[in-house]
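One point on numbering: in my numbering, the residue at position 59 of the sequence shown is 59, and numbering is uninterrupted.
No residue lacks a Cβ here, since even glycine has one placed at the ideal position from N, Cα and C.
None of these values were measured; they are calculated from a predicted model.
What follows is one structure encoded as structure tokens, with my remarks underneath.
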Amino acid sequence: MIRSREVGLFNAYSFILSGILTACFWGTFLALQFLGIRDLTQNLEAYLAYNLISIGGLMLQLYQTDSSRVNLLALDPLQNLQISTSQTLHVAGALTVMLVLTKDLAISRLFLVVYLLVLGGVLLGANAYVPQTLSRLFFTGNNQIPALLIGRLPRVGRMRHWLRRMQSYGIHVVGLLAEESTSRKTTILRIPIVGEARHLKEILEKIRIETVVLLDVPQEQSVLDAIIDATDRAGVRMIVLNNLSEVFKHSLQFYRQFGTDFIALRQEPLQDPLNRVIKRAFDIALALPATILLMPPLALLVWIIQRTQSPGPLFFRQTRAGIQNRRFEIIKFRTMHVENSDASRQATENDSRVFTLGRWLRKCSIDEIPQFLNVLRGDMSLVGPRPHMLEHNAQFAKVLSQYHVRTFVKPGVSGLAQVRGFRGEAHTPEDISKRVQCDVEYIERWSLLLDVFIVLKTAWQVLRPPKSAY
């Protein structure tokens with residue numbers, strides 16, 4: 001019911017904005033025609049098409065808007081500017097695509113520039129006033145819905161933002177039935193406490209209520225059954241706050257499959273086969289030329305450095321944990337002396353095991369270049385959580401319960417944690433936690449654009465290494 005009001009307001013807002021865009025389009029057309037600056041009537045059918053394309057660009061932006069984050073009824077000036085600019089740019093982008101595809105030379109470029117400038121200014125005003133005007137039109141007077149809350153007092157305080165926002169949609173909270181006994185008369189939001197949850201049937205008979213909002217699901221089934229029975233008998237809607245994210249202490253993903261409802265603890269874009277193909281193609285597109293063009297000269301340089309400072313094998317190989325903790329052999333240019341009795345110990349600043357120019361190789365991440373071979377073999381990706389030694393995995397898992405979530409995807413040559421500065425030695429449990437949080441965020445937010453960003457940021461850090469690189 002409440003969601004329907006929100007969707008209905010947004011649809012009406014979108015329809016009116018389309019009308020405003022059309023008015024701007026033809027207003028600009030008539031103004032240029034009246035002033036004699038351009039004769040536009042000879043290509044009238046094309047302008048009709050451009051009007052429709054403009055509406056399409058606007059709709060694309062509107063239905064990308066996350067209404068759970070952007071409250072159209074309470075935009076501050078900066079949010080209004082951002083949204084209006086985005087809407088104008090989407091319209092401009094749609095028109096540009098049309099021009100490129102049709103190679104239309106007849107359409108007036110002056111008209112398009114003037115139209116977009118006018119549209120940007122008008123949208124600023126429309127976004128500031130249209131949603132509020134629609135709210136007053138749709139959700140005041142007899143269209144208000146008296147609502148009753150049922151739940152614990154602390155919960156009401158945490159619902160402050162939602163309750164205030166619902167006022168704009170005509171949801172008027174007339175009281176609270178507290179789950180606990182209390183001597184208080186109102187909540188911190190000045191909502192009157194009209195009784196306890198067990199009084200619901202009597203309250204529904206005394207006060208006009210159209211919606212009951214259940215803030216906490218009772219633990220006893222009999223209590224919940226009584227609430228459902230009372231609302232059904234009184235002809236009152238009931239909505240229930242979903243607090244499962246608090247129970248699981250994690251944001252949840254809801255989906256329906258073959259007629260059965262499921263809950264997942266996280267979204268995983270890389271479980272989509274197409275996304276995996278895209279990521280693999282991106283890996284090969286960069287790793288293959290890097291292996292062919294970069295590795296030979298760098299291998300020669302590293303070999304010369306090793307000959308002069310620490311003779312031994314060119315490559316360092318070590319078993320690491322990959323996707324789903326599957327073991328693989330990582331390849332790096334060797335930067336430590338061959339006589340190394342503790343290969344499992346994390347490298348530290350001024351580590352005596354690292355030869356002099358080996359520190360420079362590590363700081364500039366040149367020692368990581370052979371991992372492009374791991375990428376081509378499919379053991380690693382260009383971007384992902386960094387693969388740790390098996391001993392470190394066991395240690396870190398004891399510190400952080402969700403540590404192994406990072407193994408849901410292939411490990412990477414670089415990752416979100418690294419470009420945010422969390423690299424080098426992990427000194428404290430907090431260091432481990434920050435890295436794992438970044439890894440989990442990457443798993444849940446993956447996109448090709450994010451991979452491109454991380455690769456570019458990594459390239460910049462190679463040129464200007466952070467202090468934590470050693």
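Between the CA atoms of Arg-256 and Tyr-470 - distance to the nearest angstrom: Caution applies to Tyr-470, whose pLDDT of 48 falls short of 50 and renders its modelled position unreliable; the model cannot decide the point.
Contact between the region 246-260 and the region 208-224 (3+ Cβ pairs under 8 Å): The region 246-260 makes no contact with the region 208-224, as fewer than three CB pairs between them are under 8 Å.
Short Cβ contact (8 Å threshold) for Phe-315 with Gly-322: no
Beta-carbon separation (whole angstroms), Val-174 vs Leu-163, contact threshold 8 Å: Not confirmed; about 12 Å, so no contact.
Reduced DSSP secondary structure (H/G/I, E/B, other) of Lys-249: coil
Span of the beta strand (DSSP E) around Val-475: Nothing can be reported for residue 475, as the shown portion of the chain is limited to 1 through 470.
The region 209-216 in contact with the region 151-162 per 3-pair CB rule at 8 Å: yes
Residue range of the beta strand (DSSP E) that includes His-172: Its beta strand (DSSP E) spans residues 171-178.
8 Å Cβ cutoff met for Leu-137 and Thr-88: no
Boundaries (first-last residue) of the beta strand (DSSP E) holding Thr-260: 260-264
First and last residue of the uninterrupted beta strand (DSSP E) at Lys-332: 327-333
Proximal residues to Met-380 (C-beta, below 8 Å), its chain only, five neighbours per side dropped: Gly-322, Phe-328, Ile-330, Gln-371, Asn-374, Pro-387, Lys-410, Pro-411, Gly-412, Val-413
DSSP state of Leu-148 mapped onto helix, strand, coil: strand
Sub-8 Å separation of Leu-200 and Leu-177 beta-carbons: yes
Three-state secondary structure assigned by DSSP to Ile-239: Strand, per DSSP.
Coarse secondary structure for Arg-445, derived from DSSP in three states: helix
Inter-residue spacing [alpha-carbon to alpha-carbon] between Gly-415 and Phe-355: 26 Å
Unbroken alpha helix (DSSP H) run spanning Ala-417, endpoints: 416-419
Among Val-405, Ile-454, Gly-358, Lys-457, the one whose alpha carbon lies nearest that of Glu-444: Val-405
Separation of Ser-181 from Arg-198, as counted between CA atoms: 11 Å
Beta-ladder partner(s) of Ile-193, from DSSP: In the DSSP assignment, Ile-193 forms a beta bridge with Leu-176.
CB of Val-113 within 8 Å of CB of Ser-54, strictly: no
8 Å Cβ cutoff met for Leu-475 and Leu-265: Outside the displayed span of the chain (1 to 470) sits residue 475, for which this structure offers no information.
Option nearest Pro-313 by Cα separation, candidates Ser-365, Met-238, Leu-300, Arg-190: Leu-300
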